[in-house]
Amino acid sequence: MDGDAVELSLYARLWLSKLMNKKVILITVSGLDKRGLVSALSKVVAEHSGNWLEGRMANLAGNFIGILRVEIGEDHQKDLLASLETLNDAGLTVSWQPAIGDNENALPEGRDVVLDIMGQDHVGIVRDITQVLTQNGISVQSLDTTLEEASMAGGMVFHAKVHLRLPNHLSRDDLHEKLESISDSLHVEVELADA
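Everything in the sequence shown is counted per my numbering, starting at 1155 for the first residue and increasing by one.
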């Protein structure tokens, strides 16, 4: 029984050693969209014992854009990065950098809300809205924007869905009031809801 305890202890130390030698990197990819790009990327990550932690991928006007967070053992990192460069042959531009901080501690304190913006498209909507957010210490967690053709009025309708982290000192109602003060001049409607 003592031998089993020693063996388990040695196994636990090896496991912890491997765990502690893991690094998290951010990988960004872009290129003309075509079938199989995410599959090729995920295959390279898995072949090098990388753990795909999270990612976001999108098709923007025929262009594939992605960012992902990958956990990789130090002993596999060099080979993974070399293999990622081979994706250039598939038409992807790939870059990477070490991730700074961990996911839990990287978020500022506060509470999450969702901001919906809709109105006639024109220059400056995102700039003016984000200025209000910055002035009030609000962190943008994600921003998705689209343009749609207006069915009756003609022209294009701008729509944004923004996930925000409000600082503890700012209420949702206070933010709504601040956004309403500029929404008329921007010709947009704004709605806030808890996430």
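In this text, a Cβ means the ideal position worked out from N, Cα and C, and glycines have one as well.
In this text the structure is predicted, and so the values were computed from the model without any measurement.
Whole-angstrom C-beta distance between residue j and residue i, which should lie under 8 angstroms
i     : j     : result
L1324 : Q1251 : L1324 to Q1251, Cβ: 31 angstroms. No contact.
R1247 : G1190 : The sequence shown places Thr at residue 1247, rather than the Arg named in the question. Not a contact, Cβ separation roughly 16 angstroms.
G1107 : N1175 : One cannot answer for residue 1107 here, as it falls past the ends of the chain, which runs 1155 to 1349.
Residue range of the unbroken alpha helix (DSSP H) whose run includes residue i
i     : result
R1265 : Unbroken run through R1265 is the beta strand (DSSP E), R1265 to Q1274; no alpha helix (DSSP H).
P1288 : Sequence inspection shows Thr at residue 1288; the Pro mentioned does not correspond to that position. Residues I1279 to Q1289.
S1337 : R1326 to L1340
Nonlocal neighbours in the same chain, by C-beta distance under 7 angstroms from residue i, ignoring five residues either side
i     : result
L1269 : V1316, L1318, V1344 and L1346
L1340 : G1273, I1279 and D1282
N1213 : D1187
D1338 : none
A1349 : D1266, V1267, V1268 and H1317
V1286 : K1332, L1333 and I1336
Cross-strand partners of residue i (DSSP beta bridge)
i     : result
K1177 : I1226
G1185 : F1218
P1252 : I1179
H1317 : V1268 and S1296
D1348 : V1267
N1213 : F1218
L1207 : DSSP lists no partner for L1207.
L1301 : F1312
E1343 : M1272
Proximity of residue i and residue j at Cβ, strictly below 8 angstroms
i     : j     : result
A1253 : R1223 : yes
N1290 : K1332 : yes
V1277 : R1326 : no
L1238 : V1192 : no
Cβ-based neighbour list, residue i, same chain, cut-off 8 angstroms, excluding 5 preceding and 5 following
i     : result
G1209 : G1220, I1221, L1222 and R1223
S1203 : I1226, G1227 and H1230
H1330 : V1344 and L1346
V1311 : M1272, G1273, Q1274, D1275, L1301, E1302, E1303 and A1304
N1217 : S1184, G1185, L1186 and D1187
S1171 : Since pLDDT at S1171 reaches only 49, below the 50 mark, its modelled position is unreliable, and no value is offered.
L1241 : V1183, A1194, L1195, V1198 and V1248
Beta strand (DSSP E) segment containing residue i, residue limits
i     : result
K1197 : Where K1197 is concerned, there is no enclosing beta strand (DSSP E), although the alpha helix (DSSP H) it sits in stretches over L1191 to E1201.
D1243 : Run containing D1243: none; DSSP gives neither H nor E here.
Same chain, Cβ closer than 6 angstroms to residue i, neighbours up to 5 away in sequence not counted
i     : result
T1182 : I1221 and S1249
P1262 : S1293 and R1319
I1271 : A1314, V1342 and V1344
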